[in-house]
């Protein structure tokens with residue numbers, strides 16, 4: 006439990022740092038002279054460079070453990086942010102964002118794998134995933150408004166420098182706190198007998214459609230929302246709206262009884278509510294934006310912990326680094342396609358409507374709950390993912 010608490014602290018600082026950039030990146034790019042299409046590519050390239058990092062992470066985390074990759078991601082991302090403070094041209098920002106996307110691709114799979122390896126009990130693992138969601142949400146409640154406030158008072162350069170040093174210090178602390186692979190191996194050996202071989206289970210590719218469509222819809226929202234109102238006032242308003250979504254996620258994450266429901270059902274319900282929220286954003290502007298975004302955030306608070314628990318359940322606790330890497334790859338592709346699509350088509354059709362169609366399509370592609378249970382408990386394969 007002590008390891009989990011320290012890991013939650015590192016995650017909080019890292020997520021705070023990253024989410025603080027959401028409301029300020031678009032205004033910063035505009036201040037450099039970037040056009041909306043370029044901004045879409047800037048946001049998308051971050052997700053695109055996640056892909057090679059995710060592909061590498063899936064193998065190396067299972068082989069070498071999570072510790073070195075958590076440290077690498079935090080310190081490297083901090084250095085990139087320090088350099089970002091001195092950007093003068095849009096192409097420089099594009100290059101740094103692409104580097105940042107690669108180095109941070111290791112962080113989420115490494116952290117999720119380490120959390121899941123702290124226990125071999127699926128119920129306890131599910132609680133750790135919920136804790137991860139709570140920490141993520143608490144950071145995202147404060148950070149967007151905080152990032153916009155710092156920029157309004159200190160400017161872009163000082164903001165990126167302070168966020169960069171925060172990540173670097175967090176990475177240095179992780180060197181002394183995160184357990185080594187040897188320590189984790191001893192802990193896992195104590196949790197289960199050495200003569201028991203865990204089953205290898207094949208997870209259907211259709212389950213990875215969910216993180217793809219959810220990330221795609223998020224990318225659309227993160228692109229479109231800051232363009233509502235230009236200037237400093239718009240930036241502050243966007244920061245508050247992002248924080249409002251996080252309050253919605255915190256609302257559902259605090260409902261611990263939700264964890265008693267099957268993760269597949271939780272994810273299914275959350276994605277359906279998320280799709281309806283995007284439909285409202287596109288077609289029913291009479292409903293107050295704050296209400297829609299709060300409900301949208303509440304849906305995300307159901308989806309992400311349920312999704313992580315679902316993948317642990319489907320994989321049987323085997324090759325979790327690879328499983329979470331594939332999840333991150335699906336989300337990276339979605340985060341790349343989302344803002345680019347919004348930038349190209351926003352003058353033709355509402356990007357929110359595109360997000361609605363994608364989410365509903367993802368729900369229709371999913372296997373049924375009975376089939377997913379059968380693949381887990383009754384159809385064990387010999388070849389893992």
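In my numbering, the protein residues as written are 6 to 390. Just so you know, even glycine gets a beta-carbon here, dropped at the ideal spot from N, CA and C.
query	result
Whole runs of the alpha helix (DSSP H) within the stretch 297 to 353, excluding any shorter than 4 residues	325 to 350
Burial state of residue 302, where buried means 16 or more other Cβ atoms lie within 10 Å	buried
Beta strand (DSSP E) segments (min. 3 residues) lying fully within the stretch 252 to 304	none
As assigned by DSSP and simplified to three states, the class of residue 118	helix
Residue 203 in three-state terms, based on DSSP	Low confidence applies here, because residue 203 scores a pLDDT of 46, under 50, leaving its location unreliable; read the following figure in that light. Three-state DSSP puts residue 203 in coil, outside helix and strand.
From 49, 362, 327 and 361, residue whose alpha carbon lies closest to that of residue 121	327
For residue 101, the first and last residue of its enclosing alpha helix (DSSP H)	95 to 108
Classification of residue 217 by the beta-carbon crowding that lies within 10 angstroms, buried from 16 upward	buried
Contact set for residue 360: own chain, Cβ-Cβ below 6 angstroms, skip 5 residues either direction	222, 225 and 283
Simplified DSSP assignment, three categories, for residue 233	coil
Proximity of residue 75 and residue 116 at Cβ, strictly below 8 angstroms	yes
CA nearest to the CA of residue 285, picked from 138, 182, 31 and 358	358
C-alpha distance - residue 184 paired with residue 73, whole-angstrom precision	10 angstroms
Status (buried if at least 16 other CB within 10 Å, exposed otherwise) for residue 125	exposed
Three-state secondary structure assigned by DSSP to residue 54	coil
Residue range of the alpha helix (DSSP H) that includes residue 83	72 to 89
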